[in-house]
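With the UniProt record's numbering, letter number 323 in the sequence shown gets 323, and the count goes up by one each step, no holes.
We put the CB at the ideal spot given by N, CA and C, even for glycine.
Down below is the structure, laid out as structure tokens.
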Amino acid sequence: MLSIFISSPANEFKEERIKIKKFIEENSILNQIFEVFVFEEDVVATGKQSDEIYLEKARNSDIYLGLIGESYGNIRSSGFSATEEEFNSYYNNGGKHALFFIKDCENRDLKTEKFIDVIGNKVVYNTFNGQQDLLNKIEKALAGYINETHENISFDERIVPDSSENDLDKESYNLFLKESNMESQDFIKILSNKFNVLVKDRDTYKFTTAGALFFTENPNKFDGIDAGVKLARFDGTDKTIFIDKATLNGSLLKILNEIESFFKRNTRYATKIIGFERYDIPEYPYDAVREAIINAIAHRDYEIKGTDVTFFIYDDRIEIISPGNLKFPLTLNNLEDGNSVRRNEIICNLFHHTKYMEQYGTGIERIKTKMIEHGLPAPKFELNGNFFKVILYGPGENILKLQDSVHANKIDLKKYDLNDRQYKLLEILSQNNENITNKEYRELFEVSRSTAARDLRRLVELNLIQKYEISGKEVIYSIK
């Protein structure tokens with residue numbers, strides 16, 4: 001157990017000291033870690049001389065918790081009040097975790113003002129207005145202390161002190177159930193008992209960081225969480241001109257859906273007509289892209305503040321960059337060996353319960369396999385400072401040469417009851433990536449204007465070709 005020494009002017013904060021101790025002792029998280037020392041209960045009850053105990057307790061405590069208000073307190077033989085004397089005893093003994101909470105008030109003793117100046121030169125303090133505000137800020141400060149000093153507590157299992165069960169985003173929760181093939185159940189039962197990402201705290205619940213990332217509307221609103229994703233589509237092969245961009249701050253599964261929509265509207269499809277079948281072939285295999293994105297989100301180093309995962313689409317490639325180096329013992333040389341080394345265990349477990357992360361340690365190999373199967377180069381992996389980059393190279397002008405098997409969306413054209421002219425047109429447009437006008441169609445197939453219009457209109461209605469005006473009244477048709 002870690003000890004907390006509460007120090008304040010005796011009369012001004014007598015009630016607050018008792019309430020703080022009770023608050024910590026009744027908190028199901030904090031009471032497993034901290035024991036609290038207060039004058040009223042731990043000294044008076046023993047019958048010993050207080051000055052034999054309190055300075056030793058202050059000096060040897062793990063955390064010094066000081067309350068400052070209007071009164072400086074009685075001056076002792078040392079020339080300081082008991083509160084300042086206790087702080088000096090703690091600080092001069094090498095204490096590094098002093099938490100001061102200064103009450104908002106207008107009339108302070110001059111010595112109190114000077115003491116606050118001394119405090120400000122040594123530690124960072126908080127202000128408070130009322131007992132509930134004080135308790136809330138103490139809880140938040142102690143949660144921060146736990147997160148900073150307990151190395152065995154990973155980022156994704158830390159408690160988010162300013163969260164509650166009321167922060168649940170029902171849409172994100174239902175999306176998780178859907179992607180996990182789970183029936184709808186009471187979210188407290190599922191998230192607290194099955195996944196342990198919602199923790200009981202007296203008469204309420206608090207999310208862990210992993211829980212906040214998956215099940216709240218905007219995880220970034222909580223202190224200590226930076227989890228955004230920046231998207232951009234650039235014109236060309238550098239970052240000079242934006243075509244499309246977005247910043248995403250929602251729950252992780254919502255972010256994945258939004259990335260997929262962004263990807264589809266900013267990448268191309270090739271269309272091939274082979275016999276009586278049409279193949280729509282994406283520029284990139286989205287399975288590989290999604291795998292790279294999930295790896296970036298699941299394995300990023302969330303301790304690096306002020307950074308986002310980035311998803312950038314260029315004319316010739318996609319770059320996905322995540323904050324954080326490879327976790328030991330992974331290196332660029334052994335990255336493809338299939339070893340599973342997870343930085344964020346709970347986040348990975350939640351993804352594993354969905355369709356998005358099927359097997360541990362196979363993500364990199366799947367990205368490589370999907371790219372090669374699609375007729376594209378193997379992905380490239382780089383470390384740039386404290387950031388990990390995945391580069392997926394596209395086909396450029398060779399999009400029609402991509403494989404038309406596994407990843408193609410195949411359509412049986414026979415169901416549309418097309419005539420020979422329409423089949424031939426689709427084949428020509430898809431192979432040569434050309435456009436055609438009504439006049440060119442008439443000349444190519446030696447038909448009347450009305451027949452050409454009827455053939456072309458039918459293909460447009462079936463969403464197999466598209467028409468648009470290029471100047472004035474001239475209309476051209478191209479493969480959809």
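Does the beta-carbon of Ala45 have 16 or more other beta-carbons within 10 angstroms, so that it is buried, or is it exposed?
Caution is warranted here: a pLDDT of 45 is assigned to Ala45, below 50, making its placement in the model unreliable, and the coordinate value is therefore given only provisionally. Ala45 is exposed by the Cβ-count criterion.
Can you name, in chain order, every residue of its own chain whose Cβ lies under 8 Å from the Cβ of Asn220, other than the five neighbours on each side?
Here Asn220 has Asp226, Ala227, Gly228, Asn249 as same chain residues with Cβ atoms under 8 Å from its own Cβ, once five neighbours each way along the sequence are excluded.
Between the beta-carbon of Asp167 and the beta-carbon of Ser28, is there less than 7 Å?
Contact flag unset, no.
Could you spell out where the beta strand (DSSP E) holding Ser7 opens and where it closes?
If you look at Ser7, you'll find it in the beta strand (DSSP E) that goes 2 to 7.
Does the contact criterion of 3 or more C-beta pairs under 8 Å hold for the region 233 to 245 versus the region 314 to 329?
Look at the beta carbons and you see the region 233 to 245 touching the region 314 to 329: at least three pairs across the two are nearer than 8 Å.
Quick one: give me the first and last residue of the beta strand (DSSP E) that Asp201 is part of.
Here the beta strand (DSSP E) through Asp201 covers 198 to 201.
Own chain, CB closer than 7 Å to His407, minus 5 neighbours either side, in chain order:
Bear in mind that a pLDDT of 47 at His407, under 50, signals an unreliable position, so the model cannot answer this.
Quick one: measure Cβ to Cβ for Thr127 and Pro9, integer angstroms, because I've assumed they're closer than 8 Å.
Not really, about 17 Å apart at Cβ, beyond 8 Å.
Could you give the first and the last residue of the continuous beta strand (DSSP E) run that contains Lys103?
If you look at Lys103, you'll find it in the beta strand (DSSP E) that goes 98 to 103.
Would Glu16 count as contacting chain C if we go by Cβ distances under 7 Å?
This model lacks chain C altogether; it includes just one protein chain.
Could you tell me the distance, in whole angstroms, from the CA atom of Lys48 to the CA atom of Lys57?
Low confidence applies to Lys48: its pLDDT is 47, below 50, so where it sits in the model is not reliable, and the reading given next is rough at best. Cα-Cα distance, rounded: 13 Å.
Can you name the start and end residues of the beta strand (DSSP E) that Ile146 belongs to?
No beta strand (DSSP E) contains Ile146, which is instead part of the alpha helix (DSSP H) from 131 to 149.
With DSSP as the reference, label Arg108 as helix, strand or coil.
Looking at Arg108 - three-state DSSP - the assignment turns out to be coil, as it is neither helix nor strand.
Where are the alpha helix (DSSP H) runs, 4 residues long or more, that stay fully inside the region 204 to 229, in chain order?
Segments of the alpha helix (DSSP H) lying fully in the region 204 to 229: 209 to 215.
How about Ala210 and Ile304: are their beta carbons less than 7 Å apart?
No. Outside cutoff.
So for Tyr468, helix, strand or coil by DSSP?
Under the three-state reduction of DSSP, Tyr468 is assigned to strand.
Please report the straight-line C-alpha distance between Asn398 and Leu426, rounded to a whole angstrom.
Rounded to the nearest angstrom, the two C-alpha atoms are 19 Å apart.
Whole angstroms are fine: how far does the CA of Phe101 sit from the CA of Thr307?
Annotation: Thr307 to Phe101 spans about 31 Å, alpha carbon to alpha carbon.
I need the DSSP call for Leu177, collapsed to helix, strand or coil.
DSSP places Leu177 in helix when its eight states are reduced to three.
Would you mind listing the alpha helix (DSSP H) stretches within the region 259 to 335 that are 4+ residues and don't spill past its ends, in chain order?
Here the runs fully enclosed are 286 to 299.
Report yes or no: do the region 95 to 115 and the region 65 to 82 share at least 3 C-beta pairs separated by less than 8 Å?
The region 95 to 115, when compared against the region 65 to 82, does touch it at the 8 Å Cβ threshold.
Comparing C-alpha positions only, which one of Asp420, Lys254, Ile259 sits nearest to Lys245?
Checked all of Asp420, Lys254, Ile259; the closest Cα to Lys245 is Ile259.
Please identify the residue among His299, Lys230, Pro323 whose C-alpha is closest to the C-alpha of Asn384.
Among His299, Lys230, Pro323, the Cα nearest to that of Asn384 is on Pro323.
Give the straight-line distance between the Cα atoms of Gln466 and Asp417, rounded to the nearest whole angstrom.
Cα to Cα, the separation comes out at about 19 Å.
Span of the alpha helix (DSSP H) holding Ile346?
Start and end: 345 to 352.
Could you name the residues of the same chain whose beta carbon sits closer than 6 Å to that of Gly363, not counting the 5 residues immediately before and after it, in chain order?
Within the same chain, Glu291, Asn295 come within 6 Å of Gly363 by CB-CB distance, once the 5 residues on both sides are set aside.
To the nearest whole angstrom, what separates the beta carbons of Ser61 and Tyr91, a pair I think is in contact under 8 Å?
Tyr91 and Ser61 do not touch by the CB rule: their CB atoms are close to 11 Å apart, not below 8 Å.
Whose C-beta lies closer than 8 Å to the C-beta of Glu139 among residues of the same chain, with five residues either side of it excluded?
So the qualifying residues of the chain are Phe23, Asn27, Leu30, Pro161.
Classify Glu474 as helix, strand or coil using the three-state DSSP reduction.
For Glu474, the three-state secondary structure derived from DSSP is strand.
My assumption, with CB atoms under 8 Å, is that Ser172 sits in contact with Tyr205. Please give the rounded CB distance.
With a Cβ gap of about 16 Å, Ser172 and Tyr205 do not count as contacting.
Can you give the Cα-Cα distance for Phe37 and Ser3, rounded to whole angstroms?
For Phe37 and Ser3, the distance between alpha carbons rounds to 7 Å.
If you compare alpha carbons, which of Val309, Leu177, Tyr302 is closest to Ile293?
Ile293 has its Cα closest to that of Val309, out of Val309, Leu177, Tyr302.
Is Val38 helix, strand or coil when you go by DSSP?
Note: Val38 maps to coil in three-state DSSP.
Should Asp223 go down as buried or exposed, given a rule of 16 or more other Cβ atoms within 10 Å for buried?
By the C-beta density criterion, Asp223 is exposed, having fewer than 16 other C-beta atoms within 10 angstroms.
Distance check for Gly95 and Asn74, CA to CA, integer angstroms please.
Rounded to the nearest whole angstrom, the C-alpha separation of Asn74 and Gly95 is 24 Å.
Ordered along the chain, which non-local residues of its own chain (more than five positions away) have a Cβ less than 6 Å from that of Ile436?
Tyr477, listed in sequence order.
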